[in-house]
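Inspection log for the structure reproduced underneath, given as structure tokens.
In the working numbering, the protein residues as written are 96 to 226.
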């Protein structure tokens, strides 16, 4: 049996936080090249959204080009980063869009590849209990 990975090494948490914050800036700026770069370009990549189920890096990139961009009023809260060893992490956060009273939720699984941290799975939803 393998030993359990070390959880939340400070250096790894800082790396993931930097990548996640850069991703969030790109989301607010609708910087498609940066957003595409943060998703693993592979058929196994999954992104489930409020109204879409996307499979593969190509499908996710195509969706980004036709969806409504995130508004500048988006604010994150309750963000939790958990790392497992040096190469795997989850980022979970809640957000408000700055327009409605709805609370959204976002979860991402990040993996370190040779060219940096990439999202391999993501889920975005709206908390219906807050409507």
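Using N, Cα and C, we set each Cβ at its ideal position, and we do this for glycine too. These numbers were taken from a predicted model, which means no experiment stands behind them.
Check, Outcome
"CB-CB length for residue 104 against residue 178, believed under 8 Å", "6 Å"
"Euclidean distance between Cα positions of residue 141 and residue 195", "27 Å"
"Residue 152 in three-state terms, based on DSSP", "helix"
"Contact belief for residue 129 with residue 219 at Cβ below 8 Å, rounded distance in angstroms", "18 Å between Cβ atoms; not a contact."
"Option nearest residue 154 by Cα separation, candidates 138, 164, 163", "138"
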